[in-house]
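Mapping of the sequence shown onto the working numbering: residues 40 to 204, in sequence order. Below: the structure, in structure tokens.
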Amino acid sequence: MYFFLWKANGAPTFFKPWLNIPSEDYYFVNIFLLAPSMLICWLLASSMVQVFSKALGGDGSFEQTLILIALSINISMWGSLIHDLPMSFLSMVGVIDARQHEIDMNTPTVFRTILWACYLLYLLSFLILFPLSVKVVHRLKTLHCIWIGWTSFIVFQLIFLIFNR
Numbered sequence: 040m041y042f043f044l045w046k047a048n049g050a051p052t053f054f055k056p057w058l059n060i061p062s063e064d065y066y067f068v069n070i071f072l073l074a075p076s077m078l079i080c081w082l083l084a085s086s087m088v089q090v091f092s093k094a095l096g097g098d099g100s101f102e103q104t105l106i107l108i109a110l111s112i113n114i115s116m117w118g119s120l121i122h123d124l125p126m127s128f129l130s131m132v133g134v135i136d137a138r139q140h141e142i143d144m145n146t147p148t149v150f151r152t153i154l155w156a157c158y159l160l161y162l163l164s165f166l167i168l169f170p171l172s173v174k175v176v177h178r179l180k181t182l183h184c185i186w187i188g189w190t191s192f193i194v195f196q197l198i199f200l201i202f203n204r
């Protein structure tokens, strides 16, 4: 996706990147930041789930936690990719203007509504799948699973946003 946006001369306009990267270079640099940042987010979220679950009497292994958190991330990320992947590809091939699209997504249009619906799907998927992963792996009480899952998701998302806007 970031490759497509870079080739389309896209640049963040409304939400500036948190890292001190010039807007014109942001998508190029992010090609190299995405995989390592996703790995860090996954390992940190999985580690938090494991530590908190063990503290509350969970009995699952770290390997099981890693697998189900990875699956949860994979499924949930498709919520945002429903919009982002076609948009970035269409920008690269010249069907839409990436910079104008970025501006349009921050003005009240039906397309912004679709974008937010995709991000709502993303959010709800994480809020359901992270606690469900805790429940399946560690067999804790439901409220404990929700607390652990949501706390781990918040940390996952904050780290992800630092590197990937």
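Ideal placement from N, C-alpha and C gives every residue a C-beta, glycine not left out.
Endpoints, the alpha helix (DSSP H) within which residue i is located
i, result
"residue 135", "Careful: residue 135 lies outside any alpha helix (DSSP H) and carries neither H nor E."
"residue 170", "149–177"
"residue 44", "41–46"
"residue 182", "181–203"
Residue i versus residue j - alpha carbon distance
i, j, result
"residue 41", "residue 82", "22 angstroms"
"residue 147", "residue 101", "44 angstroms"
"residue 173", "residue 161", "18 angstroms"
"residue 126", "residue 67", "17 angstroms"
"residue 88", "residue 187", "6 angstroms"
"residue 31", "residue 180", "Here the chain covers residues 40 to 204 and nothing more, so residue 31 does not appear."
"residue 138", "residue 165", "29 angstroms"
"residue 182", "residue 199", "25 angstroms"
"residue 122", "residue 154", "6 angstroms"
"residue 130", "residue 91", "43 angstroms"
"residue 158", "residue 151", "10 angstroms"
"residue 116", "residue 204", "14 angstroms"
"residue 93", "residue 108", "16 angstroms"
"residue 220", "residue 64", "Past the boundaries of the shown model lies residue 220; the chain is included only from 40 to 204, so the question cannot be answered."
"residue 202", "residue 194", "13 angstroms"
Residue i, buried or exposed, once every other Cβ within 10 Å from all chains shown has been counted against 16
i, result
"residue 98", "exposed"
"residue 61", "exposed"
"residue 75", "exposed"
"residue 69", "buried"
"residue 45", "buried"
"residue 118", "buried"
"residue 71", "exposed"
"residue 112", "buried"
Residue i (DSSP reduced to helix, strand or coil)
i, result
"residue 61", "coil"
"residue 118", "helix"
"residue 69", "helix"
"residue 85", "helix"
"residue 98", "coil"
"residue 144", "coil"
Residue i Cβ short of 7 angstroms to the ligand SAH heavy atom set
i, result
"residue 195", "Annotation note on the ligand SAH: not contained in the displayed structure, which lists no ligands."
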